[in-house]
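Numbering-wise, the sequence shown is residues 1 to 51 according to the numbering used here.
Where is the CB? At the ideal position from N, CA and C, for every residue including glycine.
A quick note: this is a predicted structure, and the numbers were derived from the prediction, not measured.
Working notes, beginning with the structure itself.
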Amino acid sequence: MKVLPYYSIQPKIEVYHNSNKCTEGNNIENRNRRSGTGGKRLCDHCKRLEK
Numbered sequence: 001m002k003v004l005p006y007y008s009i010q011p012k013i014e015v016y017h018n019s020n021k022c023t024e025g026n027n028i029e030n031r032n033r034r035s036g037t038g039g040k041r042l043c044d045h046c047k048r049l050e051k
């Protein structure tokens with residue numbers, strides 16, 4: 001299911017997420033999670049979940 005975009009502020013993580021079923025996105029700790037895209041590209045796993 002699509003959710004509002006979010007991303008990690010951790011260095012070297014260059015993607016944002018928009019699915020609540022994305023395991024990568026779900027592993028982001030709350031203290032490192034920010035709303036929006038952060039100017040990053042969509043996560044490949046989230047892309048696959050959209051189809």
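At the level of alpha carbons, what is the spacing between valine 15 and leucine 49? Going by the C-alpha atoms only, they are around 15 Å apart.
Here's a check: name, in chain order, each residue in its chain whose Cβ is nearer than 6 Å to the Cβ of histidine 45, leaving out the five neighbours to either side. Cys22 and Glu24
Check the DSSP bridge columns for histidine 17 and list the partner residues they point to. Tyr6
Assign asparagine 18 to one of two classes, buried (16 or more other C-beta atoms within 10 Å of its C-beta) or exposed (fewer than that). buried
With burial defined as no fewer than 16 other Cβ atoms inside 10 Å of the residue's Cβ, what is the status of proline 11: buried or exposed? exposed
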